[in-house]
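Numbering-wise, the sequence shown is residues 2 to 490 according to the numbering used here.
Taking it in order: structure first as structure tokens, then the write-up.
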Amino acid sequence: MHELHEEPRRAVVAAVQLPDVSDIDFESSVAELRQLAKTLGFEVVASFTQKRAKVSPVSYLGAGKSAEMRRYIRNEAADDAPEPADEDADETAVEDADDASAYPTREQRAAAIAAKRGAAEALEAKTAPADELTRRADILLVDHEMSPMRARNLEKEMGVEVMDRTMVILEIFHRHARSRAARAQVEIVRLAYMAPRLREAAKLAGPQGRQRSGAGGRGAGESRGELDRRKIRDRIAELQKELVVIDAERLTQRSRRQERSDIARVALVGYTNAGKSTLMRALTGSEVLVADKLFATLDTTVRALHPESVPRVLVSDTVGFIKNLPHGLVASFKSTLEEALEAALLLHVVDASDAGFERQLAVTEEVLDEIGAQEVPRLLVFNKIDRVGDDAAQAECETRLRAQYPECLIVSARRSEDVSRLREAIVAFFQKDVVETELFLPWSAQQLRGEVFASCEVQGERADADGAYLSVRAAPGVIDRLREKLVAR
Ligand SMILES: Nc1nc2c(ncn2[C@@H]2O[C@H](COP(=O)(O)OP(=O)(O)O)[C@@H](O)[C@H]2O)c(=O)[nH]1
Ligand SMILES: [Mg+2]
2 MHELHEEPRR AVVAAVQLPD VSDIDFESSV AELRQLAKTL GFEVVASFTQ KRAKVSPVSY
62 LGAGKSAEMR RYIRNEAADD APEPADEDAD ETAVEDADDA SAYPTREQRA AAIAAKRGAA
122 EALEAKTAPA DELTRRADIL LVDHEMSPMR ARNLEKEMGV EVMDRTMVIL EIFHRHARSR
182 AARAQVEIVR LAYMAPRLRE AAKLAGPQGR QRSGAGGRGA GESRGELDRR KIRDRIAELQ
242 KELVVIDAER LTQRSRRQER SDIARVALVG YTNAGKSTLM RALTGSEVLV ADKLFATLDT
302 TVRALHPESV PRVLVSDTVG FIKNLPHGLV ASFKSTLEEA LEAALLLHVV DASDAGFERQ
362 LAVTEEVLDE IGAQEVPRLL VFNKIDRVGD DAAQAECETR LRAQYPECLI VSARRSEDVS
422 RLREAIVAFF QKDVVETELF LPWSAQQLRG EVFASCEVQG ERADADGAYL SVRAAPGVID
482 RLREKLVAR
């Protein structure tokens with residue numbers, strides 16, 4: 002059976018600070034990449050950062066730093082020979098993972114893997130390259146966009162897969178793309194991005210990569226790389242055609258969306274690291290539910306408010322805004338964010354402890370307007386108030402925020418009373434247009450009873466020979482839908 006709790010992939014982050022990048026910008030970029038890695042489910046075990054005058058075409062980090070990182074990844078002891086000095090490196094730093102106790106567990110993990118594989122495979126594991134089992138990381142994340150050639154070289158040098166910043170972001174968009182349009186758009190960008198990388202892979206494979214064609218479509222002497230590239234071109238053309246069709250269908254989608262607006266849905270929007278996922282967990286109690294096998298198979302980004310409310314409210318986590326978003330990805334980001342349009346309420350989460358929060362807030366509002374979310378009501382939530390400073394600083398910050406954004410909520414995801422307050426605000430929003438009425442449920446329609454109780458607050462019940470009369474409170478849309486079902490039965 003497939004294991005439910007797979008070990009997260011361990012990632013090492015590498016970043017070079019060029020002279021035109023300030024310390025603050027550099028640190029925020031690296032922190033953001035680590036956060037993006039977490040979003041993808043990676044466990045970041047170490048970061049290697051270095052100041053350099055430029056990134057040479059030969060290697061990303063300087064020779065000494067590269068060797069250090071390689072030893073770290075492969076879990077090798079330092080050579081006796083002294084490291085070659087980095088001529089152009091005036092500062093180096095290795096930050097170990099937040100969790101230093103990770104080391105012994107690596108060995109335990111290796112042992113566990115070997116044990117699990119059974120006798121025959123354990124023997125094979127012993128003869129397999131040692132780094133497979135003992136290395137400390139499975140993937141290297143580079144905080145720069147890398148040329149295909151450089152990425153291949155780095156992969157060879159480090160012996161692990163390399164993903165650059167753009168690839169990490171594309172992967173996140175890919176996971177968040179819901180609508181057909183968003184999927185097609187993100188896939189086009191991904192394919193275009195991957196095409197030159199495949200060419201590099203084919204070059205590396207050398208003449209073996211060039212095969213004679215059989216009866217298939219591949220021309221004589223057409224290499225695997227060329228074939229893949231042609232396939233990519235065809236696929237991109239196909240997706241572009243699809244996008245045109247989807248565009249034509251947009252209007253229909255809009256009205257369908259309105260039909261569904263009786264479903265109480267909240268979407269969390271805001272920058273990466275604002276605390277969206279933390280708030281989502283706190284609001285939905287999904288930390289408890291993750292362990293539940295049934296829940297693990299469901300979409301991890303949509304959960305019900307917990308404890309349950311009437312009406313039942315679904316909370317979803319959208320793709321986060323990214324401070325250092327590569328230019329070519331802006332359109333993909335927007336189309337991926339369009340899932341926010343399906344919500345009846347947007348929780349705009351802002352990290353109040355981030356020095357640049359005002360600009361982030363403005364950019365988020367602007368982009369939401371651009372994607373057509375003006376009509377979706379928004380609740381502005383300042384988070385991480387606990388991180389602003391001491392009590393006095395927090396109080397001062399709150400006063401300032403309230404003066405400037407009178408409608409806002411100010412919380413810390415770490416305080417349960419704040420989370421309750423937020424939860425109440427959400428429930429109040431959905432209850433504000435709730436109506437009280439009586440639903441008649443004939444004895445022959447008792448199969449709908451469960452649905453009535455799930456979607457309405459049932460305040461009383463009486464019965465006669467024909468059926469049950471339920472006094473209920475619910476949104477008008479919910480009641481209309483139930484009545485339609487009762488009639489259509
Ligand atoms: N001090 C403090 N840290 C928080 C708070 N909310 C979230 N965090 C931390 O901020 C980081 C980013 O949170 P996360 O929920 O992953 O942000 P997301 O990218 O918006 O989903 C994590 O390390 C959280 O533990 C808060 O209210 N106070
Ligand atoms: Mg998140």
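For each residue, glycine too, the CB sits at the ideal point set by N, CA and C.
| Check | Outcome |
| --- | --- |
| Taking the beta strand (DSSP E) that P443 falls in, what are its first and last residues? | V436 to P443 |
| Give me the pocket residues for ligand 2, defined as CB within less than 7 angstroms of any heavy atom, sorted by chain position. | T40, T273, K277, S278, D318 and G321 |
| Please state if the CB of V14 and the CB of L142 are separated by a distance shorter than 8 angstroms. | yes |
| For my contact list, E340 and A268 are in at a C-beta cut-off of 8 angstroms; report their separation, rounded to the angstrom. | 7 angstroms |
| Can you give me the C-alpha to C-alpha distance between R151 and A332, rounded to a whole angstrom? | 26 angstroms |
| Under 7 angstroms: does the beta carbon of R176 sit that close to some heavy atom of ligand 1? | no |
| Name the one or two DSSP bridge partners that A475 has. | V436 |
| Please state whether DSSP places N384 in a helix, a strand or coil. | strand |
| Okay, do the region 385-394 and the region 343-355 touch, 3+ Cβ pairs below 8 angstroms being the bar? | yes |
| Could you give the first and the last residue of the continuous beta strand (DSSP E) run that contains P51? | With the sequence shown as reference, residue 51 is identified as Gln, and Pro is not the correct amino acid for it. Unbroken beta strand (DSSP E) run through Q51: E44 to R53. |
| Let me know the secondary structure DSSP gives Y470 once reduced to three states. | strand |
| For ligand 1, is there a heavy atom less than 7 angstroms away from the beta-carbon of D392? | no |
| Report yes if the C-beta of S413 is less than 7 angstroms from at least one heavy atom of ligand 1; otherwise report no. | yes |
| DSSP on R304, reduced to helix/strand/coil? | strand |
| Just to confirm the assignment, what range does the beta strand (DSSP E) spanning H349 have? | L346 to D352 |
| If I follow the unbroken beta strand (DSSP E) through M164, where does it start and stop? | E162 to D165 |
| Is the region 437-448 in contact with the region 399-417, if contact means three or more CB pairs nearer than 8 angstroms? | no |
| Quick one: Cα of H175 to Cα of E69, how far? | 33 angstroms |
| Helix, strand or coil for Y73? Go by DSSP, reduced to three states. | helix |
| Do Q36 and ligand 3 come close, with the Cβ less than 7 angstroms from some heavy atom? | Here the bound small molecules are ligand 1 and ligand 2; ligand 3 is not part of this structure. |
| Since M159 contacts I74 with CB under 8 angstroms, what's their CB separation in whole angstroms? | 6 angstroms |
| Any heavy atom of ligand 1 closer than 7 angstroms to the Cβ of A183? | no |
| Are there 16 or more other CB atoms within 10 angstroms of the CB of P20, so buried, or fewer, so exposed? | exposed |
| Taking only runs of the alpha helix (DSSP H) that begin and end inside the region 353-412, which ones reach a length of at least 4 residues, in chain order? | 358-371 and 392-405 |
| Could you pull out every residue in the same chain whose Cβ sits closer than 8 angstroms to the Cβ of A344, ignoring the five residues on either side in sequence? | R266, V267, A268, S317 and V377 |
| Given 8 angstroms as the limit, is there contact between the region 268-288 and the region 227-242, that is, 3 or more CB pairs closer than that? | no |
| Could you tell me if the beta carbon of D387 falls within a distance shorter than 7 angstroms of some heavy atom in ligand 1? | yes |
| How about A469: is its Cβ closer than 7 angstroms to a heavy atom in ligand 1? | no |
| Taking DSSP as the reference, what is the three-state secondary structure of S148? | coil |
| What three-state label does DSSP hand Y61 in the structure shown? | coil |
| Going by C-alpha distance, which of E367, D370, L362 and I323 is nearest V492? | Residue 492 lies beyond the range of the chain shown here (2 to 490); nothing can be said about it. |
| Give me the Cα-Cα distance between V473 and R484, rounded to the nearest whole angstrom. | 12 angstroms |
| Quick one: does the C-beta of A275 sit closer than 7 angstroms to a heavy atom of ligand 1? | yes |
| Could you pull the DSSP bridge partners for V270 from this structure? | H349 |
| Could you tell me whether any non-hydrogen atom of ligand 1 is closer than 7 angstroms to the CB of Q286? | For the record, residue 286 in the displayed sequence is Gly; it is not Gln. Because no heavy atom of ligand 1 lies under 7 angstroms away, the Cβ of G286 does not count as near it: no. |
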